[in-house]
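**Q** Quick note on the UniProt record's numbering: the sequence shown kicks off at 1 and runs consecutively. Just so you know, even glycine gets a beta-carbon here, dropped at the ideal spot from N, CA and C. Please read these numbers as outputs of a predicted model, since none were measured by experiment.
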Amino acid sequence: CFLIKGLSHSATKYVPPQVRGAQEALDDKKREELGRLKKMVNGLINRLSEPNLPSISGQLEELYMANSRKDMNETLTDILMSACVTAAAMPARLVMEHVLLVSILHYTVGIEVGAHFLEAVVKKFDELYKSDAEGKECENLFALIAHLYNFHVVHSLLIFDLLKRLVSTFTEKDIELILFLLKNVGFSLRKDDPLALKELISEAQSKANAVEKKLQDQTRVRFMLETMLALRNNDMRKIPGYDPEPVEKLRKLQRTLVHNSGSGKDTQLRVSLESLLSADKVGRWWIVGSAWSGAPMIDDTNNKTQQKLHIGKVSSKIMALARKQRMNTDIRRGIFCVLMTSEDFLDAFEKLLKLGLKDQQEREIVHVTLHCCLQEKIYNPFYAFLASKFCGYERRFQMTFQFSIWDKIRDLGNLSATAVSNLVSLLVHLLRTKSLPLSVLKVIEFSELDKPNVRFLRQVLSMLLIKADAEDLHDIFGRISENPKLGMLREGLKLFLSHFLLKNVEAHKSGEEADLLKERVELASKALQSKEPKLKL
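1. Going by other Cβ atoms of all chains shown within 10 Å of its Cβ, with 16 needed for buried, is Ile-378 buried or exposed?
2. Which residue comes first and which comes last in the alpha helix (DSSP H) that contains Arg-471?
3. Leu-48 by DSSP, collapsed to three states: which one?
4. Determine the burial state of Ser-103: buried for a count of at least 16 other Cβ atoms within 10 Å of its Cβ, exposed for fewer.
5. May I ask you to report which of helix, strand or coil DSSP gives Leu-269?
6. With a threshold of 16 other CB atoms inside 10 Å of the CB of Ala-468, please say whether the residue is buried or exposed.
7. Alpha helix (DSSP H) containing Ile-111: first to last residue?
8. Can you look up Asp-428 in the DSSP assignment and give me helix, strand or coil?
9. For a minimum of 4 consecutive residues, which ranges assigned as the alpha helix (DSSP H) are wholly contained in the UniProt domain "MI" (330-446)?
10. Among Leu-53, Phe-477, Asn-380 and Lys-485, which has the Cα closest to the Cα of Leu-257?
11. Express the C-alpha separation of Gly-58 and Glu-137 in angstroms, rounding to a whole number.
12. By a C-beta neighbour count over all protein chains shown, 10 Å radius and 16 as the cutoff for buried, is Lys-265 buried or exposed?
13. Please list, in chain order, all residues of the same chain as Ile-311 whose beta carbon is under 8 Å from its beta carbon, the five residues on each side excluded.
14. Terminal residues of the continuous alpha helix (DSSP H) containing Ala-88?
15. Would you kindly work out how many angstroms separate the C-alpha atoms of Ser-447 and Glu-519, rounded to a whole number?
16. Rounded to whole angstroms, what's the CA-CA distance from Lys-191 to Tyr-393? Just pull it up for me.
17. Is Val-154 helix, strand or coil when you go by DSSP?
18. Excluding the 5 residues flanking Glu-471 on each side, which residues of the same chain have their C-beta closer than 7 Å to its C-beta?
19. By the 10 Å Cβ neighbour count, where 16 or more other Cβ atoms means buried, how is residue 598 classified, buried or exposed?
20. If we ignore side chains and look at the alpha-carbon of each, how far apart do Glu-248 and Gly-492 end up?
21. Could you check the C-alpha separation between Cys-391 and Leu-63 for me, to the nearest Å?
22. Looking only at C-alpha atoms, which of Tyr-107, Glu-127, Leu-177 and Asp-126 sits nearest to Val-153?
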């Protein structure tokens with residue numbers, strides 16, 4: 001009796017022969033279709049070269065239209081990986097042409113094409129890197145990633161993540177891979193994010209000094225450091241074999257084939273190494289509408305409980321403070337917690353980027369940062385440095401900060417004296433560091449100045465004129481003298497500087513400070529009219 005119960009409990013569900021036969025027929029049909037698809041894609045990839053790239057990319061687009069995208073992505077990725085990831089070093093030209101094809105499909109078909117290929121390449125590299133493979137597979141995979149960056153499929157964030165990982169372990173194999181990557185994309189990295197490259201170079205130098213005696217081949221370490229210094233100094237001659245011409249030639253071809261997609265900046269995948277490697281566990285936020293089963297996270301209850309406890313312990317007071325500050329959504333609370341618990345502005349910047357926010361969510365970073373800055377009882381420069389970092393990172397952050405500051409300027413009458421003082425200090429920092437242009441003040445109507453606006457402008461301009469260097473002042477004020485649309489702002493500023501700012505200046509400032517302010521006002525006024533068009537009679 002017990003045996004029968006056990007058997008009936010463990011037995012699988014009965015499937016009638018007729019249904020089973022239909023399922024097997026469907027599976028056979030699917031296998032046959034996939035085999036035929038693979039044969040067609042393989043034939044196209046085997047014929048791939050620069051002259052017939054437009055024709056082959058067009059035929060692949062048609063295949064994407066006629067077949068499931070999932071099947072096409074898997075088939076194309078498998079064939080490209082088989083072609084490019086071999087134990088022998090692949091010719092650079094061949095790798096470039098294959099990646100260029102992926103980039104064209106990435107723009108014309110959809111970003112899931114590039115995203116699927118990128119994820120497969122990065123995961124394969126991680127697997128081979130950990131297994132200490134002796135062939136040239138890692139270099140070939142690195143070449144694929146480098147050219148995905150060169151053809152604007154992926155953002156520099158991933159490249160810096162890979163370089164940081166290699167610098168942290170710093171074996172002889174790592175040094176070779178760092179050199180390989182820098183030779184391929186070093187100057188593009190310098191152009192895209194010079195600050196991150198500078199930080200990487202100083203990290204590599206300190207790591208090289210720390211492990212100097214452990215490494216046998218010191219010449220390669222020296223060569224790597226010399227390459228990094230050549231990049232920092234923008235000296236292409238010091239990098240042997242560096243030739244940007246083949247990439248530039250293929251970029252021109254790419255632009256002609258994807259003329260409708262502009263520069264491709266909107267389709268660049270801003271994804272980190274960590275996000276790609278953990279995509280199966282946390283989903284693929286960088287692909288709109290991507291499917292995800294989520295099973296590993298659901299099953300892993302122990303990890304989930306520990307994570308909750310950890311967050312609770314660390315941030316219970318912070319969460320209470322977030323509620324007090326009316327952080328009424330999960331996104332705002334998350335940003336607030338990052339701001340309150342970061343070690344410094346660079347730590348906050350990295351953590352905020354790792355939140356992977358998009359569009360409207362991303363703008364909340366600016367709104368929460370500005371809110372926190374204005375709520376501080378004593379001005380905290382942390383927020384100004386963080387704001388400056390975001391403004392320099394992407395123009396969209398600069399625009400969001402500008403619009404948010406405009407909203408605050410329009411609402412000056414309802415802000416407390418402390419909030420106004422903090423806003424003044426933040427704005428002066430952003431103007432001094434050239435994170436925002438002086439045209440941010442165009443929102444003020446100089447013909448209808450009320451007391452809050454006069455007080456605010458006087459504080460901003462006084463602090464800016466005294467704290468900034470003479471050379472910087474000339475640049476800051478000179479920038480708005482070039483634009484004919486800013487004529488009203490220029491006239492308003494000149495009038496304000498001469499009448500409102502210098503009026504009773506001796507009564508409010510010390511003699512030395514008053515003299516300096518007069519001198520700076522004169523300098524600013526000259527800069528404002530230096531490039532104004534002369535009226536011809």
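**A** On the basis of the supplied data:
1. Exposed, since its Cβ has fewer than 16 Cβ neighbours within 10 Å.
2. Position check: residue 471 holds Glu in this sequence, whereas Arg was assumed. 470-478 is the extent of the alpha helix (DSSP H) around Glu-471.
3. coil
4. buried
5. Three-state result, Leu-269: strand.
6. buried
7. 111-130
8. Checking the sequence shown, residue 428 turns out to be Val, not Asp. It is helical.
9. 330-341, 345-354, 359-375, 381-393, 395-410 and 417-432
10. Leu-257 has its Cα closest to that of Leu-53, out of Leu-53, Phe-477, Asn-380 and Lys-485.
11. 30 Å
12. In this predicted model, Lys-265 has a pLDDT of only 48, less than 50, meaning its place in the structure is not dependable; the value taken from the coordinates is given anyway. Classification for Lys-265: exposed.
13. Note that Ile-311 scores 33 on pLDDT, short of 50, meaning its location in the model is unreliable; the coordinates nonetheless yield the value given after this. If we look at Ile-311 and ignore the five residues flanking it on each side, it has no Cβ neighbours.
14. From DSSP, Ala-88 is part of no alpha helix (DSSP H); its letter is neither H nor E.
15. 26 Å
16. 12 Å
17. strand
18. Nothing meets the Cβ criterion.
19. Residue 598 cannot be examined here, being either before or after the span of the chain that is shown, 1 to 537.
20. Rounded to the nearest angstrom, the two C-alpha atoms are 47 Å apart.
21. 42 Å
22. Tyr-107
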